[in-house]
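Colleague: As they're listed, the protein sequences go chains S and Z. The working numbering puts the first sequence at residues 937 to 1097. The working numbering puts the second sequence at residues 526 to 1273. Attaching a single structure in structure tokens format; questions to follow.
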Amino acid sequence: MTDKNINFTVNGETHTVEADATKTLLQVLRDNLDLTGSKDGCSSGDCGACVVLVDGQAENSCMILSPQIEGADVKTVEGIAGDDALHPLQKAFAETWAFQCGFCTPGMLISCYALLQSNPEPSRDDVLTAIAGNFCRCTGYQAVVNAVQQAAAEMRGAGSV
Amino acid sequence: MIVGEWTSAPGSDEIVTGSARYCPDIKLADMLTGRLLYSPHARARIRKLDVTRARKLPGVHAVMTHVDIPGENSYLYGHPDQPLLVVDEVRFQGDAVAAVAAIDEKTADAALQMIDVEYDVLPGQFDPLDSMQPDAEPVLPGEDNVLLFQTYTNGDVDAAIAAADVVVENTYRTQWAEHAFLETEGAVAFVDEAGLLTVYSSCQAPHRDRMQIARATSLPESAVRVITPYIGGAFGGKDEAHVQMHAALLAQATGQPVTLVRGRRESILTHVKRHPVIVECITAASKDGQLLAVKARVIGDAGPYSNATHEVLNKLAEFIGGPYTVQNVEVQKIGVRTNNPITGAFRGFGAPQAAFVYESQMDEIARELEIDPLEIRLRNGVETGSKMYTGVVVREGTGMKESLHKAAEMIGWNQRGKCERAPDEHLRRGFGMATILKGCGLGRGLGDHASVILEMHRDGSVILRSAAADMGQGIVTVLAQLAADGLGVELSSVRVVRADTAQSPDAGASCGSRQTMVSGNAVIEAANSIRDTLLGLAAMKTKLSKEELSLRNGRLFVNGEAHAMTVRDLAERASNWGYPLHAETLVHFDYPADVPKVTYKYSQEVFQFCTQIAQVLVDTQTGQVTVERLIAVHDVGKMINPGGVYGQIEGGVAQGIGYALTEELVVKDGITQNPSLENYIIPMALDLPEIEMAVLENPEPRGAPLGAKGVAEAPIIPTAAAIRNAILDAIDKPLHELPMNPERVLYA
Chain S
937 MTDKNINFTV NGETHTVEAD ATKTLLQVLR DNLDLTGSKD GCSSGDCGAC
987 VVLVDGQAEN SCMILSPQIE GADVKTVEGI AGDDALHPLQ KAFAETWAFQ
1037 CGFCTPGMLI SCYALLQSNP EPSRDDVLTA IAGNFCRCTG YQAVVNAVQQ
1087 AAAEMRGAGS V
Chain Z
526 MIVGEWTSAP GSDEIVTGSA RYCPDIKLAD MLTGRLLYSP HARARIRKLD
576 VTRARKLPGV HAVMTHVDIP GENSYLYGHP DQPLLVVDEV RFQGDAVAAV
626 AAIDEKTADA ALQMIDVEYD VLPGQFDPLD SMQPDAEPVL PGEDNVLLFQ
676 TYTNGDVDAA IAAADVVVEN TYRTQWAEHA FLETEGAVAF VDEAGLLTVY
726 SSCQAPHRDR MQIARATSLP ESAVRVITPY IGGAFGGKDE AHVQMHAALL
776 AQATGQPVTL VRGRRESILT HVKRHPVIVE CITAASKDGQ LLAVKARVIG
826 DAGPYSNATH EVLNKLAEFI GGPYTVQNVE VQKIGVRTNN PITGAFRGFG
876 APQAAFVYES QMDEIARELE IDPLEIRLRN GVETGSKMYT GVVVREGTGM
926 KESLHKAAEM IGWNQRGKCE RAPDEHLRRG FGMATILKGC GLGRGLGDHA
976 SVILEMHRDG SVILRSAAAD MGQGIVTVLA QLAADGLGVE LSSVRVVRAD
1026 TAQSPDAGAS CGSRQTMVSG NAVIEAANSI RDTLLGLAAM KTKLSKEELS
1076 LRNGRLFVNG EAHAMTVRDL AERASNWGYP LHAETLVHFD YPADVPKVTY
1126 KYSQEVFQFC TQIAQVLVDT QTGQVTVERL IAVHDVGKMI NPGGVYGQIE
1176 GGVAQGIGYA LTEELVVKDG ITQNPSLENY IIPMALDLPE IEMAVLENPE
1226 PRGAPLGAKG VAEAPIIPTA AAIRNAILDA IDKPLHELPM NPERVLYA
């Protein structure tokens, strides 16, 4: 396989990377751009640790090959905080203990971020559906529901949704 | 008080921003990629192993086989019988044959392909019942296939069974279970500027890693440094070493940094699993439901190597009588070598298997005698002062019966008859409970101790050095909270150095629900010593007695009133005048010497208690079991970090539900059929009920920091039995095999 130039946007910055067609978006993020927040838990789309936003949709980045991201707009866990403050979801995840080891957190955060883009007041079931593909072996999922609902309330209060 | 409060973990900002570095995230200049060649066969003789071609591939820096290991070619958990790289025979699918380091993943993978290895596949031992026969071919040459055979007896079991009104006898079988920590095993090794072989390790026992790396590389331990970066879960599966020695050997051989991270399939195939066991159990009771005797024979499948088989079967047997006052107990534990996957530590060390047996037996006794399952447990449960069949006297702070009452109240146990039992023609609803105890610590006589170093600087900031590995269970937070309260400073003033053998003395492994107790006590002792120095200085300055003074939130208090002086002022004085603001402590787990006679070897004596109750819906057409409600009531002594405690409970119960219903590594003739997260089925967000939790705080009076016991293992232990008993209640069928998947439920 020969490397090809791929142009895409990550967290608002445009990048041109050299990658062959067998390389996944996850590998491009981690290896070419040193964005190691997104994790590789299975390389098979089963665990959700690598979930990123691709053109606004939460996707397993280990299941996307590099040619598919030409021209795409990608957001990762490194890109959801504001300039000088954590995103309300990040704050709420820390405050409610929505993780223990934290390895699932980057993907989990992005799935929840995508949810809040379309649903400012998610129910418990809405959250569980949004994270149905995000595997957490440490903590279970109740604290994630709590965190998302806390963040959603804060964002509604601040008028940011 | 910071203890007992909901507080964010130190480091949580790094986790939520994605900047926390786990082993796979560590990148060093000129770093090579390491890979291991694993056996595809369960048992085979290596006819030919030629690495010449692989070594010649451009970009390959090292290809190692067993002959290239300068030191000892073995893992060492308890028994050095598993080779790092096999010599002449592979003995399970996952034995490592060769190690490669190359400039990138592709080259390393290509080098693995170019290793010329030819196998003569041999017949293996795949059934422990066959393998344990005296005439069976040995799995390891010169070693008995029965690697452990011990019988423990208390009382006269056969006489008690003969005199009993009811006797229940069953054979139980459990499965291979996979930890599925989200971060697979990994290590990054390099030689630093000072010549120290340094290894970032995703592990539970950094000092034991260091010992094993030193053995393998033939270096003194003083020339090896092990650092834990962030670790993505472990659950016992990283208690034993995995690729640390291989990464170190490759770095030593190449002189360059090497990263070695297992892929998911490799991870599932190569690390220890929860032991599958066959347990034959006879339980006898009087007609009023008093347990009279338990007689059990436990056969555990060790795979070819010992790993933690002794430890696991020892705990399984220790708890086979449950949290009950029964005195006549005989238990035989037999560990058997096979060519199946290796088995070892996994949350609870055999206690989940034991609980599945004794709590199933309890419900069958209750049904025979028509006694309510809650009532029979209350009649037999231990209390403070109860002497158990092991000889252990149960200490104060015993929440066993309280947990039963609380769980029953939460689910409405006594009103369950009013619940709709058959909501549809083919749907049946049922309720089941299980109650357990599990010890904290390693066990009496097992060298259970930990050290920490605590230091306050002249500005009042604090550094805490502990080698207690934090795999996500939260020990860093707990120790920081204890240090902050002990020194009277804010949590943000305490920086904890994650486990690093060059900075911190040995704290032992993070296993057996022990670190909160043993490292927690070490922190309290160290903080007390520094606080005493600060208060002594404050007493001199204020001309008051130390007893009138206290430190809180970074400030001096006089008889409870805030004083103008701060902890920082006092620290500055201590620094200026040369008073010690530095303490290193070594604390041993507190086993009382005054116990009359503990007869069970290596017994644990501080107990986590918990009761879980499940409400299930069984589809009698499909065999599908849905857990509708799950109540979990845990006595933890004292909650130091509530966020961590509730997380441990919920996560442990989720693992327990998987263990009960879906999780099973399917192994045929030694070959694992489902080494992926797609086919090893773990319940996820939409598969789980909301876990309804309650925490009881019955402080442990002896040797526990502020009364806190461990919490980590208990949550997974009773779940399978509670669900099993709920299925029994729903469809009147007793199951004796895990997992209770649709096939087993339909054909029970």
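Glycine residues also receive a C-beta, built at the ideal position from the N, C-alpha and C atoms.
1) Is the CB of D550 (chain Z) under 8 Å away from at least one CB in chain S?
2) Does any residue of chain S have a CB that is nearer than 8 Å to the CB of F874 (chain Z)?
3) What does the alpha-carbon distance come out to for the pair D1019 (chain S) and H591 (chain Z)?
4) Excluding five sequence neighbours on each side, which residues of the same chain lie with their C-beta closer than 8 Å to the C-beta of I1241 (chain Z)?
5) Around the Cβ of Y755 (chain Z), are there at least 16 other Cβ atoms within 10 angstroms (buried) or fewer (exposed)?
6) Which partner residues of G860 (chain Z) appear in the DSSP bridge assignment?
7) Which one of S:T958, S:C983, S:A994, S:K959 has the shortest CA to CA distance from S1054 (chain S)?
8) Could you tell me which chain S residues have their CB closer than 7 Å to the CB of F706 (chain Z), listed as they occur along the chain?
9) Whole angstroms are fine: how far does the CA of V946 (chain S) sit from the CA of E954 (chain S)?
10) If the cut is a Cβ gap below 7 Å, which residues of chain S does T960 (chain Z) touch?
11) First and last residue of the beta strand (DSSP E) that includes V1081 (chain S)?
12) What is the DSSP secondary structure of K1126 (chain Z), counted as helix, strand or coil?
13) Does the beta-carbon of F674 (chain Z) have 16 or more other beta-carbons within 10 angstroms, so that it is buried, or is it exposed?
14) Interface residues of chain S around S533 (chain Z) at Cβ under 7 Å?
15) At which residues does the beta strand (DSSP E) containing N1078 (chain Z) begin and terminate?
16) Roughly how many angstroms lie between the CA atoms of C998 (chain S) and P1224 (chain Z), to the nearest whole one?
17) Provide the residue(s) that pair with M981 (chain Z) in DSSP beta bridges, ordered along the chain.
18) Residues in the same chain with beta-carbon distance under 8 Å from L721 (chain Z), minus the five sequence neighbours each way, listed in chain order, please.
19) Quick one: which chain C residues come within Cβ less than 7 Å of Q998 (chain Z)?
20) Taking L1045 (chain S) as the query, report the chain Z residues whose CB atoms sit under 8 Å from its CB, ordered along the chain.
21) Quick check: the stretch 937-944 of chain S against the stretch 972-988 of chain S, are there 3 or more CB pairs under 8 Å?
22) Just the Cα atoms here: how many angstroms apart are N864 (chain Z) and D645 (chain Z)?
23) The alpha helix (DSSP H) that contains A957 (chain S), what's its start and end?
24) Going by DSSP, what residues sit across from K1011 (chain S) in a beta bridge?
25) What are the uninterrupted segments assigned as alpha helix (DSSP H) that are 4 or more residues long and contained completely in the stretch 678-763 of chain Z, given in chain order?
26) By how many angstroms is the C-alpha of D1061 (chain S) removed from the C-alpha of C944 (chain Z)?
27) Report yes or no: is there a C-beta of chain Z within less than 8 Å of the C-beta of S1002 (chain S)?
28) Is it buried or exposed, D956 (chain S), if we count other Cβ atoms within 10 angstroms and call 16 or more buried?
29) Express the C-alpha separation of A1087 (chain S) and K1027 (chain S) in angstroms, rounding to a whole number.
30) Note down the Cα distance separating L1007 (chain Z) from P782 (chain Z), rounded to an integer number of angstroms.
31) Am I right that A994 (chain Z) and A730 (chain Z) are in contact with their C-beta atoms under 8 Å? What's the rounded C-beta distance?
32) Output yes if chain Z places a C-beta closer than 8 Å to the C-beta of V1013 (chain S); else output no.
33) Excluding five sequence neighbours on each side, which residues of the same chain lie with their C-beta closer than 6 Å to the C-beta of E1189 (chain Z)?
34) Quick test of the definition: if touching needs 3 or more C-beta pairs under 8 Å, does the stretch 1059-1070 of chain Z touch the stretch 1128-1138 of chain Z?
35) Within the 8 Å Cβ cut-off, does G1007 (chain S) reach chain Z?
36) Among the candidates S:D991, S:F1035, S:T972, S:L1001, whose CA atom is the shortest distance from the CA of E1014 (chain S)?
Modeller: Concretely, from the data shown:
1) Yes, D550 (chain Z) counts as interfacial toward chain S.
2) No, its Cβ sits nowhere closer than 8 Å to a Cβ of chain S.
3) C-alpha separation (whole angstroms): 53 Å.
4) Result list for I1241 (chain Z): R872, G873, P877, G1177, V1178, Q1180, G1181, Y1184, in chain order.
5) Buried is the call here.
6) G860 (chain Z) has Z:L673, Z:G825 as its beta-bridge partners, per DSSP.
7) It is S:A994 whose Cα lies nearest to the Cα of S1054 (chain S).
8) One finds R1073 in chain S with Cβ atoms closer than 7 Å to the Cβ of F706 (chain Z), taken in chain order.
9) Going by the C-alpha atoms only, they are around 15 Å apart.
10) Under the 7 Å cutoff, chain S gives no residues; its nearest Cβ is about 21 Å from T960 (chain Z).
11) Annotation: V1081 (chain S) is outside any beta strand (DSSP E); the continuous alpha helix (DSSP H) that includes it extends over 1078-1094.
12) Here K1126 (chain Z) sits in coil by DSSP.
13) In summary, F674 (chain Z) is exposed, with fewer than 16 beta-carbon neighbours lying within 10 Å of its beta-carbon over all protein chains present.
14) Ordered by position in chain S, the residues that pass the 7 Å Cβ test against S533 (chain Z) are A1030, E1031.
15) N1078 (chain Z) -> no beta strand (DSSP E), and no H or E assigned at all.
16) Those two C-alpha atoms are separated by around 47 Å.
17) Its beta-bridge partners are Z:V987.
18) By the criterion of a C-beta distance shorter than 8 Å, L721 (chain Z) is surrounded in its chain by A748, V749, R750, A1027, once the five residues flanking it on both sides are discounted.
19) No chain C is part of this structure, whose protein chains are labelled S and Z.
20) Result: V541.
21) Result no; under three Cβ-Cβ pairs closer than 8 Å.
22) Here the C-alpha atom of N864 (chain Z) lies approximately 15 Å from the C-alpha atom of D645 (chain Z).
23) Segment: none, A957 (chain S) is in no alpha helix (DSSP H) and carries neither H nor E.
24) Per DSSP, the beta-bridge partners of K1011 (chain S) are S:L989.
25) Taken in chain order, the unbroken stretches of alpha helix (DSSP H) that lie wholly in the stretch 678-763 of chain Z and span 4 residues or more are 682-687, 731-742.
26) The alpha-carbon separation between C944 (chain Z) and D1061 (chain S) amounts to approximately 24 Å.
27) Chain Z, which has no Cβ nearer than 8 Å to the Cβ of S1002 (chain S), makes this no.
28) Per the 10 Å Cβ criterion, exposed.
29) Distance between the alpha carbons of K1027 (chain S) and A1087 (chain S) is about 8 Å.
30) Answer to the nearest angstrom: the Cα atoms are 37 Å apart.
31) About 7 Å; that satisfies the 8 Å criterion.
32) At least one chain Z Cβ lies under 8 Å of V1013 (chain S).
33) Q700, P1264, listed in sequence order.
34) Touching, no, given that fewer than three Cβ pairs across the two stretches are closer than 8 Å.
35) Judged by the 8 Å Cβ criterion, G1007 (chain S) is not in contact with chain Z.
36) If we check each option's Cα against that of E1014 (chain S), S:T972 comes out closest.
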